[in-house]
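J.:
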Ligand code: ADP
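Numbering (my numbering), first residue to last: 58 to 894.
#1: What residue does the alpha helix (DSSP H) around residue 393 start on, and which one ends it?
#2: Going along the chain, which residues of its own chain have a beta-carbon closer than 6 angstroms to the beta-carbon of residue 537, five neighbours each way excluded?
#3: Note down the Cα distance separating residue 278 from residue 164, rounded to an integer number of angstroms.
#4: Taking 8 angstroms as the cut-off, does the CB of residue 574 come closer than this to any heavy atom belonging to the ligand ADP?
#5: Kindly list the residues whose CB is nearer than 7 angstroms to the CB of residue 330, restricted to its own chain and excluding five residues on each side of it in sequence; keep chain order.
#6: Since residue 442 and residue 399 should fall inside the 8 angstroms C-beta cutoff, what is the C-beta to C-beta distance between them, to a whole number of angstroms?
#7: Taking buried to mean at least 16 other C-beta atoms within 10 Å of its own C-beta, is residue 567 buried or exposed?
#8: If you run the structure through DSSP and keep just helix, strand and coil, what is residue 116?
#9: Is it true that the CB of residue 649 sits closer than 9 angstroms to the CB of residue 669?
#10: State yes or no: is the C-beta of residue 888 within less than 9 angstroms of the C-beta of residue 788?
#11: Taking 8 angstroms as the cut-off, is the C-beta of residue 518 nearer than that to any heavy atom in the ligand ADP?
#12: Heavy atom of the ligand ADP less than 8 angstroms from the Cβ of residue 561, yes or no?
#13: For residue 553, which option in 372, 578 and 529 has the closest C-alpha, if you only look at C-alpha atoms?
#14: With 16 as the cutoff for other CB atoms within 10 Å, does residue 102 come out buried or exposed?
#15: Take the Cβ of residue 387 as the centre, count every other Cβ of all protein chains shown within 10 Å, and call the residue buried at 16 or more, exposed below.
#16: Strictly by DSSP, which residues pair up with residue 708?
#17: How would you label residue 529, buried or exposed, when you count the other beta carbons within 10 angstroms and need 16 or more for buried?
#18: Does DSSP classify residue 64 as helix, strand or coil?
#19: Could you give the distance in angstroms between the alpha-carbon of residue 511 and the alpha-carbon of residue 471?
#20: Just to confirm my understanding: we take residue 316, look at its own chain, exclude 5 residues before and 5 after, and list those with CB closer than 7 angstroms. What are they?
#21: Please report the residue range of the beta strand (DSSP E) in which residue 312 lies.
#22: Just to confirm, does residue 470 get its C-beta within under 8 angstroms of one of the non-hydrogen atoms of the ligand ADP?
#23: Compare the C-alpha of residue 673 against each of 563, 417, 429 and 701 and name the closest.
#24: To the nearest angstrom, how far is the alpha carbon of residue 305 from that of residue 249?
#25: Which residues does DSSP pair with residue 274 in a beta bridge?
#26: If you check the beta carbons only, do residue 100 and residue 310 fall under 9 angstroms apart?
#27: Does DSSP put residue 650 in a helix, in a strand, or in coil?
#28: In chain order, what residues of the same chain have a beta carbon less than 7 angstroms from the beta carbon of residue 762, not counting five sequence neighbours either side?
#29: Along the chain, where does the alpha helix (DSSP H) containing residue 427 start, and where does it finish?
#30: In chain order, what residues of the same chain lie with their CB nearer than 8 angstroms to the CB of residue 663, ignoring the 5 residues before and after it?
#31: Check whether the stretch 78-92 touches the stretch 217-228, counting contact only when three or more Cβ pairs, one atom from each stretch, lie closer than 8 angstroms.
#32: Let me know the secondary structure DSSP gives residue 671 once reduced to three states.
#33: Compute the minimum distance between the beta carbon of residue 514 and the heavy atoms of the ligand ADP, and state whether it is under 8 angstroms.
#34: Determine the contact status of residue 481 and residue 451, defining contact as a CB-CB distance below 9 angstroms.
#35: Start and end of the beta strand (DSSP E) containing residue 686?
#36: Rounding to the nearest angstrom, what Cα-Cα distance links residue 327 and residue 72 in this structure?
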């Protein structure tokens, strides 16, 4: 329950006041109780002492009657003197005995005759009492019941004190006929009680109680004497009985307690104390009230401050978000702005390099081509990093083939590696699922980055990319990749620092290797985004080993295993002086179910072939790679076939060797070749081709027609005249007819007016952008019942969202600027089915 301030303070006062008043009431009750208790105690003491003296006197009277009766019975003749003498002492000693008498009662009439009498009680009164009809009935009844003592109540005397008669039959020596003799003792009830010592404010009443006719009779009553009674606050009473053998005496005492007469100091003290406590409680409530008011006020101030700060924080956050969005937008548009001229620079450099140039000119062209490419990669890196940092990088979760991604990354670097004489190897474990779920573009980016670095920092040897399920964790979806090089290595103290942004091992201005120091930082962020990590090991001078782990769950349902290679016998010998290459080939063949052996040179290969043949476990294939002595493939094949004639051989050749050797190899039967870096599918295709060639006569393959009657018509939509010129230059020798449009609106018009086989659509253009133009084209096609024409988007910003947007607008594919000639030609031939030179 929540109370507002006003209600809560009223509540506190009420609680404090009622607590104080309750305490006051409790104190008053206790004090009052105490006063009453003390009065009750006094009263009880008083009544007990009255009762005790009454009991003693009554018993004395009883004993006196008895002894007088005994005395009379013992006398042969009793005269007044003897009676007076006998009773004198008794009467003197017991002042409450008023009289003693010896009486004769006629049995018939009940008339009584006083024979002897002593004491102060008047004889006439006694006579009257004994003549009373009721008393006579009582006497007769008592005697009939053999009752020894009979109380008789006299009418004589005041109402407040009626004399009590103890009557006892006696047996004289010579009893008279028809009469009984009685001893009578007259008691003054007022003297039975010691009235002097008892509190005069107590009301006293004395009753006789006996069975039969006598019943209950008041014999003494004393009213209370209160000088100024005032009002009575309490009544006390008590009743007690003195039992004698034949009757009882009941004494009743009562007392009214009057306010005026009470000892009230304790009550006043309680009142003062209780009121004091009540006031104290109220003062405490007030203090609490003040304190809570103060707290409330302070809370209000704090709340106000917090609200203010929250508002300021929210504003700061909004500003930061806005700044980050602006930064992202800025980077995206900067990326576009830089890419567009770069497109022209790199493209033109490419074209220029193809023209006739002297050495110096070639060198210059090379420089600005390289510089353009470096600038392009820097722009890409910065864009990536800012996207990651602004948490705007959205990862895809699509099915892809790890092998494919790694092989593509190596293929992209093939020429660079070959120029340095470095072997590129993809060694993918057969345990890696054929298809996994993740973001292939980002996985490729990491591999490309690491392979690019590895090639950059390696002079001889190889760069190997391996992948296998991770063993460091129980998570079956975790994939472990390694990029191993035989380069310069990294000092141990730099192994961690290189993953920070703009961090390089060699920071001197005369650096030998270019780069920005962003690549590894991006890789680390990407690996973490993909649920993994990245780290490096290295021995300086021997090489580096970059590890990264990524969560790539296998796709469901799992892809089926590749079909077997149909080798007879199903065993292959891999010959390569590079152990990494040999292992990678062996793993690839194992994935297709082929058993393999490895030889590092041609001699041991020949020996192995011979031995296996003799043992009846021959080989169905030799995969021939690099030899340490650089022996030509044709010569090496001849040596192998000297051991086993017609042995099927697949050669793995580096691009530079391929050009030299291909002629010689074509002439050989049962021989195929695959370019390095080897793609697993190419190896398998080559092996299958060898098998089918052996089984059937070679089919004549139709050469692809270069051009034909119909020249494909392209609509080039691009606002930048340099880029239009570039694309035209690229396509100069290709069998395409190019029509240009300057913007989307012009493109839609042209498209409607003429027939085209393909559209190259720039995205960012004035008047109408590429998305809108493509949509308009698609709508027009649908409305006029035409088959859709291929539209390839030319996206300047390499951002994934833009690519997705272009596909959503109806484009079939996209090319990222700056566009390379080869890439463009390949894309066109893929969509138009025309081989361009
Ligand atoms: P960049 O290569 O663009 O300078 P990176 O972040 O990719 O930036 O690499 C940072 C630094 O790490 C490099 O400058 C280099 O000093 C070191 N490095 C990276 N890979 C290798 C490697 N394979 N061998 C030796 N040094 C490396």
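Virtual Cβ for every residue (Gly too), placed ideally from N, Cα, C.
T.: By the coordinates alone:
#1: 322-411
#2: Closer than 6 angstroms at the Cβ level, and outside the excluded window around residue 537, lie 525, 527 and 606.
#3: 35 angstroms
#4: yes
#5: 84
#6: No, residue 442 and residue 399 are not in contact; Cβ-Cβ is about 19 angstroms, not under 8 angstroms.
#7: With a pLDDT of 46 at residue 567, under the threshold of 50, the predicted position of this residue should be treated as unreliable, though the coordinate-derived value follows. Classification of residue 567: exposed, given that the 10 Å Cβ count is below 16.
#8: Note: residue 116 maps to helix in three-state DSSP.
#9: Cβ distance not < 9 angstroms, so residue 669 and residue 649 don't count as in contact.
#10: no
#11: no
#12: yes
#13: 578
#14: exposed
#15: exposed
#16: 681 and 730
#17: exposed
#18: helix
#19: 13 angstroms
#20: 287, 288 and 290
#21: 305-315
#22: no
#23: 701
#24: 14 angstroms
#25: 265
#26: yes
#27: coil
#28: No answer about residue 762 holds up, because its pLDDT of 37 lies below 50 and its placement is not dependable.
#29: 416-446
#30: 696, 697, 699 and 700
#31: no
#32: helix
#33: yes
#34: no
#35: That residue, residue 686, is in no beta strand (DSSP E); it is neither H nor E in DSSP.
#36: 21 angstroms
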